[in-house]
Amino acid sequence: MSEQFYYFLQQILNGVTIGSTYALIAIGYTMVYGIIGMINFAHGEVYMLGSYAAFFVLAGLAMVGIDSLPLLLIAAFSLSIIITSAYGWSIERVAYRPLRGGNRLIPLISAIGMSIFLQNFVRLAQGSRDIAMPSLITGGWTIGPADGFNITLSYMQVVIFVVTFLSMTALTLFISKSRMGRACRACAEDIGMANLLGINTNKVISITFVIGAALAAVAGVLLGMYYGVINPYLGFMAGLKAFTAAVLGGIGSIPGAVLGGLLLGIAEAITAGYFSTEYKDVVSFGLLCFVLLFMPTGILGKPEVEKV
Amino acid sequence: MDKLLHVSGLTMRFGGLLAVNNVALDVYEKEIISIIGPNGAGKTTVFNCLTGFYKPTAGQIIYRGEPLQQLPGHIISRKGMVRTFQHVRLFKDMTVIENLLVAQHRHLNTGFLAGLFKTASFRQAEQQGVERASAWLERIGLSEFANREAGNLAYGQQRRLEIARCMMTQPNLLMLDEPAAGLNPAETAELDELIVELRDKHQVSVLLIEHDMKLVMGISDRIYVVNQGCPLADGTPEQIQSNPEVIKAYLGEF
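Protein chains in written order, with my numbering: chain A, 1 to 308; chain B, 1 to 254.
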């Protein structure tokens, strides 16, 4: 196989890695939008909180001298998910629920306020410098000819694929099989009717925020370990990218968010690999403009029918 | 017979428009009550006030001795009052059986952990839910479509499914807003039979808004007539049919 092909394959691998974490974050945007029709602009910050929570768990466990890798990973993921979910739940209670029923613009403004608040809250509490995240999983495989270009697939990338896949599977099972998932789907279609049929819609909305935050926490732990540094501002860009992914796939659609995330990740990796790393954000947001202009419902989204 | 619903002095004002003016209404158990009136008379507004969609400007809504105002929709439904709308509001992307199961959500609720570990009580509750749903699908003739998306059903089938879905919440009072709209005569006759069966077999009171006079006069125990937001008359179908005020409101002066 030619060198060009290996190089291309490498870009795809990198793209899928980053894309799958975009997808995890994008699900939070798309599920909330699907049910209450608002963009939760504080969702990027929830992801950042997930990274910080994992950092504290890892640092705390290192201090007491625990160094078993599986134990560290399980603790980092589970505690980060719990802490971040609590944030997600509280954000909805504090910033959105009191404003429900009013103009759609009001919760949106509240979301932006929440985003600024969380970012500065972390900055004040933890400082604005980069914090080094302990890299637990190092090493990887190298595939390719002895001379020329080699594909590197790090173990961390494999962990990202596997964890993302497991999270998506769990979510799909929850949505399609469980009672609460059924209630979520009903609310996404017609929240007023679901309420009249005896479903506590406030509870469903809370659960949606908790699920979104839990998936963002997973992405936060994964990307924190992948990049090795975290800072209070990383939620902003990741949030925008995930939002782009959600719109690209069709906002409101969960498979759309996954597809959008992967496509966006691959588009960025290809741009970085063949043109310039500086241009990858240009391509991402150019893609967002293109989608909004020419296919506003995204790839898998449905045109919104005006409700009478 | 016990009084199920008592409404008095119900008034709804939208800015300068008096949509409902001083409407009074009583529904007893196992009764079919119709609200009729010309278009724009405020019938649907009455429904919206009763089910908590609108906060009435004034008036009292007492359901089984308890005031209903300010309660959220799911609590009203849990107290046994459920409604349909003029247009079909099924969960169109969900299957027919799922539509019926989701309406039993609170009856099936056995807690999150039970669902996670699929305990015996969880499976049993789910099984009962599916059985109740199947019995209704059988009754409305949709058994063979159980796994089809609800949005793909024919219009008349969707209407019947909506009523079955309401019945899944195990109501005492079912409020139907123009259930016969858009149905052909054969389907209307089926609906007629179904509504009577709800009263006689399932002990449900039905509050009906309907323009199909043949249906209304045939099955109603009592009828309330509303005109331009004001109550005009009430009584048995015979009394209403011979009431000169009602004839005037419907046909104009001669």
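Note that CB positions come from ideal geometry on N, CA and C, so glycine has one too. Just so it is clear, the structure is predicted and the values come from calculations on it, not from any experiment.
{"query": "Of the residues B/R160, B/Q228 and B/A150, which one's Cα is nearest the Cα of B/G141?", "result": "B/R160"}
{"query": "What is the rounded straight-line gap between the Cα of A/I82 and the Cα of A/Y96?", "result": "21 Å"}
{"query": "Which residues, in order along the segment 171-197 of chain A, keep a beta-carbon less than 8 Å from a beta-carbon of chain B?", "result": "S178, R179, M180, R182, A183, R185, A186, E189, D190, G192, M193, A194, N195, L196 and L197"}
{"query": "Whose C-beta lies closer than 7 Å to the C-beta of A/V308 among residues of the same chain, with five residues either side of it excluded?", "result": "Since pLDDT at A/V308 reaches only 40, below the 50 mark, its modelled position is unreliable, and no value is offered."}
{"query": "Is there a Cβ of chain B sitting closer than 7 Å to that of A/V163, yes or no?", "result": "no"}
{"query": "Quick check on A/A170: buried or exposed, where buried means 16 or more other Cβ atoms within 10 Å of its Cβ?", "result": "exposed"}
{"query": "Is the CB of A/I309 under 7 Å away from at least one CB in chain B?", "result": "No statement about residue 309 of chain A is possible, as the shown extent of chain A runs from 1 to 308 and does not include it."}
{"query": "Give the C-beta separation of A/A242 and A/G44 to the nearest angstrom, bearing in mind that I take them to be a contact with Cβ-Cβ under 8 Å.", "result": "7 Å"}
{"query": "Tell me where the beta strand (DSSP E) around B/A58 begins and ends.", "result": "A58 to Y63"}
{"query": "With a threshold of 16 other CB atoms inside 10 Å of the CB of B/L251, please say whether the residue is buried or exposed.", "result": "exposed"}
{"query": "Starting from the N-terminal side, write out each stretch of the alpha helix (DSSP H) that is 4 residues or longer and does not extend beyond the segment 137-195 of chain A.", "result": "155-177 and 179-189"}
{"query": "Please indicate yes or no: does the CB of B/V196 lie closer than 6 Å to some heavy atom of the ligand GTP?", "result": "With respect to small molecules bound, the structure shown includes none, and the ligand GTP cannot be examined in it."}
{"query": "Look at the Cβ atom of A/G88, then the Cβ atom of A/V57, and state whether they are nearer than 7 Å.", "result": "no"}
{"query": "Kindly say whether B/S220, judged by its beta-carbon, lies nearer than 7 Å to any beta-carbon of chain A.", "result": "no"}
{"query": "Of all the options A/L79, A/S80, A/N103 and A/S115, which has the alpha carbon lying nearest to the alpha carbon of A/V94?", "result": "A/S115"}
{"query": "So, at 8 Å on beta carbons, what are the nonlocal neighbours of B/R148 in its own chain, with the 5 sequence-adjacent residues on each side left out?", "result": "T95 and V96"}
{"query": "For A/T208, go through chain B and note every residue whose CB falls closer than 8 Å to its CB, in chain order.", "result": "Within chain B, no residue comes near A/T208; the closest Cβ sits about 15 Å away, beyond 8 Å."}
{"query": "Whole angstroms are fine: how far does the CA of A/E92 sit from the CA of A/P98?", "result": "9 Å"}
{"query": "Taking B/I222 as the reference, give the member of B/K79, B/T236 and B/K30 with the closest Cα.", "result": "Contrary to the premise, residue 222 of chain B reads as Arg rather than Ile in this sequence. Measuring from the Cα of B/R222, the nearest candidate turns out to be B/T236."}
{"query": "What does the alpha-carbon distance come out to for the pair A/L136 and A/I74?", "result": "12 Å"}
{"query": "From which residue to which residue does the alpha helix (DSSP H) around A/S206 run?", "result": "T201 to Y227"}
{"query": "Would you kindly work out how many angstroms separate the C-alpha atoms of A/M48 and A/Y233, rounded to a whole number?", "result": "8 Å"}
{"query": "Alpha carbon to alpha carbon, what distance is there between B/A146 and B/L198?", "result": "22 Å"}
{"query": "Does any residue of chain B bring its CB to less than 7 Å from the CB of A/I254?", "result": "no"}
{"query": "Using a Cβ-Cβ distance under 7 Å, would B/G73 count as near chain A?", "result": "yes"}
{"query": "For the structure I just gave you, are there three or more beta carbon pairs, one from the segment 150-169 of chain A and one from the segment 59-75 of chain B, closer than 8 Å?", "result": "no"}
{"query": "Looking only at C-alpha atoms, which of B/I36, B/L25, B/V20 and B/S220 sits nearest to B/L5?", "result": "B/L25"}
{"query": "Among B/S134, B/G42, B/L68 and B/K248, whose alpha-carbon lies nearest the alpha-carbon of B/V7?", "result": "B/L68"}
{"query": "For the segment 18-67 of chain A, which segments carrying the alpha helix (DSSP H) assignment without a break, of at least 4 residues, lie completely within its bounds, in sequence order?", "result": "43-63"}
{"query": "Apart from the five residues just before and just after B/G37, which ones in its own chain have a Cβ nearer than 8 Å to its Cβ?", "result": "K43, V225, V226, N227, L232 and A249"}
{"query": "Indicate whether at least one CB of chain B lies closer than 7 Å to the CB of A/I370.", "result": "Nothing can be reported for residue 370 of chain A, as the shown portion of chain A is limited to 1 through 308."}
{"query": "By Cβ distance, which residues of its chain are closer than 7 Å to A/P255, with the 5 residues on each side in sequence left out?", "result": "L300"}
{"query": "So, is A/G147 buried or exposed, given that buried needs 16 or more other C-beta atoms within 10 angstroms?", "result": "Inspection of the sequence shows that residue 147 of chain A is occupied by Asp rather than by Gly. It counts as exposed."}
{"query": "Taking 7 Å as the threshold (beta carbon to beta carbon), is B/R132 in contact with chain A?", "result": "no"}
{"query": "Determine the DSSP secondary structure at A/A90, reduced to helix, strand or coil.", "result": "It is worth fixing the name first, because residue 90 of chain A is Ser in this sequence and not Ala. Residue state, collapsed to three classes: helix."}
{"query": "Threshold first: 4 residues or longer. Then list the alpha helix (DSSP H) segments lying entirely within the segment 14-42 of chain B, N to C.", "result": "none"}
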